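Numbering (our numbering), first residue to last: 817 to 1039. Think of the CB as a built atom: it goes at the ideal place given N, C-alpha and C, for glycine as much as any other residue. Owing to the predicted nature of the structure, the values given are computational and were not obtained by experimental measurement.
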Amino acid sequence: MKSSLVITGDGSHTLYVPELEDHYHSTFGAVQESKYIFIEKGFQTFVNRNITCNILEVGFGTGLNAFLTLADCRKRKIRVNYHAVELWPVSLEVSQKLNYPEYLDIDSATEIFRTLHKSDWDKEISVDSLFTLKKIIGKIQDIQLPQEKYHIVFFDAFGPSAQPELWTREVFRKIFFAMKKGGVFLTFSVKGLVKRNLKEEGFQIETLPGPVGKRSITRAWRL
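In structure tokens:
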């Protein structure tokens, strides 16, 4: 898909996709939004559990969520296995224009971010001693997910208006059974249909305050 580079409110980049009339990240602040929703309200709920954390991301996109997770797992010395599903990979040319490495205080940030995008699809790699990555190309509807594997799910697809086929009970049911009991599901969307579909498939729903520019977000648990 064609996209154009956009500078957001915190200075970090997002991409705009005319075909979908949607952005990959919040125009109020891409790094700010992802760090708040997926790291603070998701990944950091597991920091004291002394486990290797298995994460599923629906919508690898710009690689920002994986990049932020890697930075935080280094800081906290937590091992992470990160699986990400993506139908429309961002090209290497476009990914190299994204300024996310400027926002993370980690060694070799630019090289690591490039590795996330250059790594082969459908193959698990060790990015470093704490973080493994497997990018899976295809539709979440068509991919066979393991049962009861994931502690955390980052659901960061384009919004329900742009991709309604991803926000269905069928997709949420598949994800529910791929999660471990006690696992947590994060998404930016608080649409009534989204929350109803999650609830119908067995999730316990929380509506949390949102990041700058967004009133609230959704967190859901498999209990």
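Consult DSSP for residue i and reduce its assignment to one of helix, strand or coil.
i	result
A994	helix
V896	strand
E918	helix
V910	helix
D838	strand
V901	strand
P1025	strand
How far does the alpha helix (DSSP H) with residue i in it reach, from first residue to last?
i	result
K934	925-934
Would you kindly work out how many angstroms separate the C-alpha atoms of residue i and residue j, rounded to a whole number?
i	j	result
S924	D944	11 Å
T885	I855	7 Å
T948	R892	16 Å
E1016	H967	20 Å
W904	Q979	13 Å
I956	A900	10 Å
I928	T843	25 Å
G999	G877	23 Å
V896	N870	6 Å
K857	L1024	9 Å
In terms of DSSP beta bridges, what is residue i paired with?
i	result
S820	Y832
S942	T948
The beta strand (DSSP E) that contains residue i, what's its start and end?
i	result
R1038	1032-1038
> What runs of the beta strand (DSSP E), each 3 residues or longer, lie entirely inside the stretch 841-891?
Replying inline: 869-874
> Residue ranges of each beta strand (DSSP E) run of no fewer than 3 residues wholly in the stretch 952-1020, ordered along the chain?
Replying inline: 966-971, 995-1003
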